[in-house]
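Inspection log for the structure reproduced underneath, given as structure tokens.
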């Protein structure tokens, strides 16, 4: 009897194996998302010099193989001279190709670039800019004709910049010329290291940005953006070296990144909405800021911002909203939650009379409205007795400000810190310390 049962089970298992093995699997080919290796390309030898097609585990060959355009193939030497033209030629070849394409910057080499602009729109369905090595900025400021940019990606859709390499802005050449370092000099500004302009479906990941001339990376008028696992570093006294700057951009996720700079770790300014920053370690720097907004009586709008799971260490500000007097517009629907402050000068601050000028700014009645802001699950230490500052406009006060489960301690006195609040409509829930009086 047992032998008959064993025979029946064997027949049943054989039938099931036959059924599943003949099931028509139709997995979509995506070399960046799939764990299957459908192909193997020798990226370090340039444009499709060797591509070996392989079958996946289900026996299907890839629908198409990506093409790799290595900057060395187009003349890059990595010998201390300018390699900008080789990079541009590699980009143009990739941009004019169809399907999925790579632009490859090989590892263990340092390439020097003058200002470059990688423009679209492209024929490619996906461009992957693989930075394995190092890209370093040209050292002569006179060659920066536009002065405000170094590397620009413009109107490129479906773009990924990744690879684990480094982008070095050579900022030590620019910083001494800043009016913030030497007030006797004119305030001329300096290039942003990497700028993305009007790019849709963009992912930047696993890149190290360091020593930017001014801002490290800007997302300008972009849509559907992911910035993941970035390391951004420059000295704490380097002027205006914001880490990640978001302007006019919708639907952006900044995640699992370490930012150490001389200015805002993340700055979010006008025209930005649906912004989420999570898993951020910030410091040194000026904290995570919304603004500044409304400079020179301008109109500004920022909405739907979430900052959570952040740690701020030794920063001048923690989470900040800053607006100029005389501006118009709104900063609304903002959440700061699950945040740890360590020896932060101003852990929580709203400042509606922001002024970043040598001369004082005149008092004005109009202001950008700040509303519907939640501070939740925030704890840590303040380097000064006042840990919470709400300095809102008399004519247009802050409204809908809520604090839940907030506890900030004076780092010096190891005691409950203080709050300074003016012209704010505040709601508190749970344990909140310090409280506005």
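In mature numbering (1 follows the signal peptide of the UniProt record, and there is no 0), the protein residues as written are -21 to -1, 1 to 416. All C-beta atoms, glycine included, are put in the ideal place defined by N, C-alpha and C.
Within the region 197 to 228, ranges of the alpha helix (DSSP H) (whole runs, at least 4 residues) = none
Opening and closing residue of the beta strand (DSSP E) in which residue 331 lies = 325 to 333
Would you grab the beta carbon distance between residue 130 and residue 173 for me? Rounded to a whole angstrom, and I think it's under 8 angstroms.
-> 5 angstroms
Counted within 10 angstroms of its Cβ, other Cβ atoms place residue 192 as buried (16 or more) or exposed | With 16 or more other Cβ atoms within 10 Å, it is buried.
From what residue to what residue does the beta strand (DSSP E) around residue 71 run?
-> From DSSP, residue 71 is part of no beta strand (DSSP E) but of the alpha helix (DSSP H) over 63 to 74.
Identify which residue in 349, 360, 310 and 244 has its Cα closest to the Cα of residue 405.
-> 349
For my contact list, residue 135 and residue 106 are in at a C-beta cut-off of 8 angstroms; report their separation, rounded to the angstrom.
-> 7 angstroms
Is it right to say residue 102 is buried, meaning 16 or more other beta carbons lie within 10 angstroms of its own, or is it exposed?
-> Exposed is the call here.
DSSP beta-bridge partners for residue 153?
-> Per DSSP, residue 153 has no beta bridge partner at all.
Taking three-plus beta-carbon pairs below 8 angstroms as touching, is the region 120 to 127 in contact with the region 62 to 73?
-> no
Between which two residues does the beta strand (DSSP E) harbouring residue 95 extend?
-> For residue 95, the enclosing beta strand (DSSP E) covers residues 95 to 98.
Sequence-distant residues of its chain with Cβ nearer than 7 angstroms to residue 57 (five each side left out) | 88, 89 and 90
Same chain, Cβ closer than 6 angstroms to residue 246, five either side skipped, listed in chain order | Shown here for residue 246: same chain residues with a beta carbon closer than 6 angstroms to its own, the five before and five after excluded, namely 221, 224 and 268 in chain order.
Using beta-carbon positions only, say whether residue 313 and residue 347 come within less than 8 angstroms of one another.
-> no
Between the Cα of residue 431 and the Cα atoms of 96, 95, 64 and 100, which residue gives the shortest distance?
-> Here the chain covers residues -21 to 416 and nothing more, so residue 431 does not appear.
Cβ neighbours of residue 216 in the same chain (closer than 7 angstroms, five flanking residues each side left out) | 241
Would residue 390 pass as a contact of residue 355 if the rule is Cβ separation under 8 angstroms?
-> no
Use the C-beta contact count for residue 437: other C-beta atoms within 10 angstroms, 16 or more gives buried, fewer gives exposed.
-> There is no way to answer for residue 437, as the model of the chain reaches only from -21 to 416.
Can you give me the Cβ contacts of residue 352 inside the same chain, cut-off strictly under 6 angstroms, excluding the 5 residues immediately before and after it?
-> Within its own chain, the residues whose Cβ lies closer than 6 angstroms to the Cβ of residue 352, once the five positions on either side in sequence are excluded, are 313 and 380, listed in chain order.
Would you mind sorting residue 54 into buried or exposed? The rule is 16 or more other CB atoms within 10 Å of its CB.
-> exposed
Reduced DSSP secondary structure (H/G/I, E/B, other) of residue 52 | helix
Whole angstroms is fine: what's the gap from residue 417's alpha carbon to residue 212's?
-> A query on residue 417 cannot be resolved here, the shown segment of the chain reaching from -21 to 416 and no further.
Quick one: give me the first and last residue of the beta strand (DSSP E) that residue 90 is part of.
-> 89 to 92
Below 6 angstroms CB to CB, which residues in the same chain sit around residue 166 once its five sequence neighbours on both sides are set aside?
-> 158
CB-CB length for residue 203 against residue 181, believed under 8 angstroms | 7 angstroms
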